[in-house]
Amino acid sequence: AQTIFSGIQPTGVPHLGNYLGALANWVALQKNADPQDRLIYSIVGYHAITLPQDPRRLERERMDIMASLLAIGINPERSILFHQDQVLEHVELAWILNCMTSMGKLKRVTTWKSKLAVARNDGTDKNQDDGHLSLGLFAYPVLQAADILLYKATRVPVGEDQRQHLELCRDLADVFNRTVKSPIFPVPRHIITPAKRVLSLRDPMQKMSKSAPAANSRILITDSFDEIAAKVRSAVTDSTRGITYDPISRPGVSNLVTIISGCTDESIESVVERLADKGHGELKGEVVDAVESKLGPVRREYERIKQDEGWIREVGRRGAEKARALAVETMVDVKTRLGLGAL
Ligand code: TYM
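Numbering-wise, the numbering used here puts 37 at position 21 of the sequence shown, and it's gapless, one number per residue.
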């Protein structure tokens, strides 16, 4: 049987990139995975605090993201759904893995390198380079590896941008196994959706992201029909006639085709064939319809679920209990092999 694990940061309601790149797959796996397979989905608060967070806002966003995951159809009876920051073993395993990770390896991770590049370019800290970036941000991928290995996960459904983090996790599983001489961690593999990289509507050279300053660069899964329509209408395309799928030279148009395909399960080829002679306006009309058909029910479910915060908390509490039971088991094993813990 497989153990499927994935996580999302509680930094705002998920956007369409999160949804099509990963979350839709989390839901699909509930149906498609073998009933024996274990599904574990986590809201990763300890990752969120690698960048400064306002506590009141973080608390609200942790609640909102739990409501979002329930609204898209994560079923807490089938899947273990929990807050990472309620299961302290994540941090414990992360520390152990920190001690087995070379700084050199972490320095090569692109997410760190891009944060570093921003720090250098904004001129705040020219001489110190990484001086004001936190140790936690540097070690971020190690905590992610701990999340996955703590449950001995074998499959990780994520978007394209997490590929390198998963490589590091695979590497760490291997390092740990060799250190203790008898392998205890399976080496996990990723599961990637066709819509593995949804791009910003404003700047189709960038991925759609929660942190981009322009709010109309992303569609949130709770956006109203009017918000969806306005954002899609203002999406950057190009001046070439007709509709083709060519992510390199027509990133904006191709991204809209990806979004239609991701929302309707119609293949990219079929979308392009159907819309080949259409104008960009018509393409955008199709995008609005496709997104609304997917997100309309999610938005209504979200509003309903948000009425009952007591229940949302209760789901989290029960999820954390189930996760903790598994995590404790792994940690006893891990620590014993390292000569730690029980005496
Ligand atoms: P996060 O919170 O940034 O994103 C959650 C999921 O959404 C995917 N994603 C996208 N997919 C396609 N196009 C996009 N524009 C796009 N933006 C985001 C991400 O690939 C991800 O699958 N480090 C992780 C959270 C994490 C995790 C883990 C994931 C922590 N521990 C263990 C898997 C396993 C992150 O920041 O995801």
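Glycine included, each C-beta is placed from N, C-alpha and C at the ideal position.
No experiment lies behind these values; they were computed from the predicted model shown.
| query | result |
| --- | --- |
| Beta strand (DSSP E) runs wholly inside the segment 196 to 266, at least 3 long, in chain order | 205 to 207 |
| heavy atom of the ligand TYM below 7 Å from residue 270 C-beta | no |
| Identity of the residues DSSP links to residue 21 by a beta bridge | 56 |
| Supposed contact pair residue 217 and residue 233 - C-beta distance, whole angstroms, cut 8 Å | 5 Å |
| Proximity test, residue 212 beta-carbon vs the ligand TYM heavy atom, cut-off 7 Å | yes |
| In DSSP terms, what residue 171 is bridged to | 20, 205 |
| Beta-bridge partners of residue 96, as assigned by DSSP | 56 |
| Span separating the alpha-carbon of residue 215 from that of residue 19 | 30 Å |
| Residues of its chain near residue 199, where Cβ-Cβ distance is below 7 Å and the 5 sequence neighbours each way are ignored | 193 |
| Assumed close pair residue 107, residue 62 - CB separation to whole angstroms, cut-off 8 Å | 7 Å |
| Residue from 120, 179, 132, 251 whose Cα sits closest to the Cα of residue 304 | 251 |
| Residue 241 Cβ short of 7 Å to the ligand TYM heavy atom set | no |
| The ligand TYM heavy atom lying under 7 Å from the CB of residue 183 | no |
| Nonlocal neighbours in the same chain, by C-beta distance under 8 Å from residue 92, ignoring five residues either side | 86, 331, 334, 335 |
| Closer than 8 Å to chain C by CB, residue 318 | Absence of chain C from the displayed structure is noted, only one protein chain being present. |
| Distance between beta carbons of residue 46 and residue 94, contact taken as under 8 Å | 5 Å |
| Residues near residue 201 by beta carbon distance below 7 Å, same chain, minus five either side | 165, 168, 189, 192, 193 |
| Three-state class that DSSP yields for residue 31 in the structure shown | strand |
| Collapsed DSSP secondary structure at residue 47 in the structure displayed | helix |
| Residue 292 CB to nearest heavy atom of the ligand TYM below 7 Å | no |
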